[in-house]
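Throughout, our numbering is defined as the position within the sequence shown, counted from one, plus 2. The C-beta atom is built at its ideal place from N, Cα and C for all residues, glycine as well. Please read these numbers as outputs of a predicted model, since none were measured by experiment. All remarks here apply to the structure that follows.
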Amino acid sequence: MFVEKYRPKKFSDIAGQKSALKELISWINTWGTDKKACLLYGPPGNGKTTSVYVLADEMNLEIIEMNASDKRNAEAIEKIVGNASQTYSLDGRKRIIVLDEADNIYGSVDKGGV
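Dropping the structure here:
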């Protein structure tokens, strides 16, 4: 697919997000000590998901991704995310859990609040 062919593969390929990438790298480097989640937000197409995939590739992290809009309820997401967060990667790598489209968890019920 055209989009995948030209998707950035390393940090230097991502344009216009130097400050955000610096914060993301800092967060992952200190994650083991505070274990706080990281929320990436912004308009569609500005590189949020791509940045996470580049981070994972460059830092040898395992990614578990689910599209929150596919599940539509917090219980289903908690079951998947909870299991993934409580288990270890088979090869000992740190794990990133990506909840893409998190603003769609409840469908269009709260469209006015988004």
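Asked	Found
Please classify L101: does DSSP put it in a helix, a strand, or coil?	strand
Please report the distance separating the alpha-carbon of V83 from that of S28.	23 Å
Around the Cβ of L41, are there at least 16 other Cβ atoms within 10 angstroms (buried) or fewer (exposed)?	exposed
Is it right to say G49 is buried, meaning 16 or more other beta carbons lie within 10 angstroms of its own, or is it exposed?	buried
In whole angstroms, what is the alpha-carbon distance linking T2 and V5?	There is no way to answer for residue 2, as the model of the chain reaches only from 3 to 116.
Return helix, strand or coil for N31, following the three-state DSSP convention.	helix
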